[in-house]
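Let me begin by presenting the structure, written as structure tokens, before commenting on it.
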Amino acid sequence: MDVTPPLYARIYLLCGQIPSGMVTSYGDVAAMVGGGCDARTVGEALRAIGEHAPDVPWQRIVSQDGVISTRGLEQRRLLESEGVAFDRRARVLMLYHRWGGPGAEFAAAHRFGPPPPHDDAPEQLELF
DNA sequence: CAGATGACTCCCA
DNA sequence: CTGGGAGCCATCT
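If you want the working numbering, it's the position in the first sequence, counting the first as 1, plus 19.
Dropping the structure here:
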């Protein structure tokens, strides 16, 4: 039978560091995990969470724009219960809730890299 | 080893 | 804004 793949274990470890009320994107997780991991791999790891790590806060991983595309209703409900705000188009307000990565010590201990910078404009502030 | 799969992302019409 | 297509990569058959 399967055991948790090494890369997945790192993904779960990093996701477990995301505090309640914060979110990050698949691409950001992939960048921090490094080692040839990409957004799709993160998605695959989260898909297999039920088999490997049921305690990982999978709901805190959203797409790059803050959109929940897959298991929307359940995920949105969980995030809202943590205090995460959405705009009119069901996007997480990333400018407020984007996670800045694990602490420096934790990152160094597990060889995680820094999250990639975002060049997003504050257009998401335009609610309504 | 080769083909298929997917909870992504980017680019272009 | 919407939709289609390509690129990407670990994991499973």
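Heads up, the beta-carbon is just placed ideally off N, CA and C, and yes, glycines get one too.
Only a predicted model underlies this, so the values are computations on that prediction, with no experimental measurement involved.
Residues sharing a beta bridge with residue i, DSSP
{"i": "residue 125", "result": "DSSP lists no partner for residue 125."}
{"i": "residue 81", "result": "44"}
{"i": "residue 75", "result": "Per DSSP, none; premise fails for residue 75."}
{"i": "residue 105", "result": "111"}
{"i": "residue 86", "result": "110"}
{"i": "residue 117", "result": "42"}
Whole-angstrom distance between residue j and residue i, CA atom to CA atom
{"i": "residue 70", "j": "residue 108", "result": "32 angstroms"}
{"i": "residue 74", "j": "residue 103", "result": "19 angstroms"}
{"i": "residue 80", "j": "residue 123", "result": "21 angstroms"}
{"i": "residue 128", "j": "residue 68", "result": "23 angstroms"}
{"i": "residue 43", "j": "residue 113", "result": "8 angstroms"}
{"i": "residue 36", "j": "residue 116", "result": "14 angstroms"}
{"i": "residue 101", "j": "residue 111", "result": "12 angstroms"}
{"i": "residue 26", "j": "residue 105", "result": "31 angstroms"}
{"i": "residue 60", "j": "residue 31", "result": "12 angstroms"}
{"i": "residue 52", "j": "residue 91", "result": "25 angstroms"}
{"i": "residue 89", "j": "residue 41", "result": "19 angstroms"}
{"i": "residue 147", "j": "residue 24", "result": "Its pLDDT being 47, under 50, residue 147 is placed unreliably by the model, and nothing is read from it."}
Anticipated Cβ contact below 8 angstroms, residue i with residue j, distance rounded
{"i": "residue 48", "j": "residue 34", "result": "7 angstroms"}
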